[in-house]
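S.K.: Residue numbering for the sequence shown is 3 to 157, as defined by the numbering used here. The C-beta atom is built at its ideal place from N, Cα and C for all residues, glycine as well. Before anything else, here's the structure in question.
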Amino acid sequence: MNNLVRGSSGIRKCLREINMNNDIIQWIKVASKLDNMKTVSHFIENGMSEAGVSMKIITKFNIALDEIFSNIVYYGEADMVEAGYGIEQGKAVLVLKDNGKQYNPLEKEEPDINLNADDRPIGGLGICIFKKLMDDMTYTRQDGQNILVIKKTID
């Protein structure tokens, strides 16, 4: 099912459904601009809420989305970002794809949080936080795209 939707703000969104291990995942595709993070966040939040995911879990996904999306925009050099959500085997799932330069955030070394903030190098804390909030994360690079899948068990 392919639908092209033009929002009132003129943001082009492409929604489609695919079957992921017999579970439906919904997608949105936006330009890699920080202004579009709110659109993606609302899309994920509304969809997960309709699927019965608790606000507590949705908030954790929003924290992860904020970190990942902003990193794609600021550092990834991507043109487009696709975000998808679904429910798979008792877990809420968020998938982020981008066509930017290859980067696996799961390989990022965790910062030493015992150091004084002035002595710590800048960066890495957001990724550390979202890793601790989620139950399962995988990264792949396929067909020139970074694909990050994060999962959280539904309460």
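Any idea which residues DSSP pairs Glu79 with across the strands?
M.R.: Taking the sequence shown and counting its residues from 1, the one referred to as residue 79 is at position 77. Answer is none; Glu79 lacks a bridge partner.
S.K.: Please go through the segment 38 to 115 and give each complete alpha helix (DSSP H) segment of 4 or more residues, from N-terminal end onward.
M.R.: Runs found: 39 to 52 and 57 to 77.
S.K.: Do you know offhand how far Thr41's Cα is from Ile152's?
M.R.: Indexing the sequence shown from 1 puts residue 41 at position 39. Indexing the sequence shown from 1 puts residue 152 at position 150. Spanning the two alpha carbons is a distance of roughly 19 Å.
S.K.: Between which two residues does the beta strand (DSSP E) holding Asp138 run?
M.R.: Within the sequence shown, residue 138 is the residue found at index 136, counting from 1. It spans Asp138 to Gln144 - the beta strand (DSSP E) in which Asp138 sits, taken as one unbroken run.
S.K.: What separation, rounded to the nearest whole angstrom, lies between the Cα atoms of Thr142 and Thr61?
M.R.: Against the sequence shown, residue 142 aligns to sequence position 140. Against the sequence shown, residue 61 aligns to sequence position 59. If I take the Cα positions, the gap works out to 25 Å.
S.K.: For Met139, which residues of its own chain have a beta-carbon under 8 Å away from its beta-carbon, when the five flanking residues on both sides are left out?
M.R.: Along the sequence shown, read from residue 1 onward, the residue named residue 139 stands at position 137. Answer for Met139: Leu108, Lys133, Leu150, Val151, Ile152 and Lys153, listed in chain order.
S.K.: Ignore the nearest five residues each way along the sequence and tell me which others in Ile65's own chain have a CB closer than 8 Å to its CB.
M.R.: Against the sequence shown, residue 65 aligns to sequence position 63. Answer for Ile65: Ile131, Phe132 and Leu135, listed in chain order.
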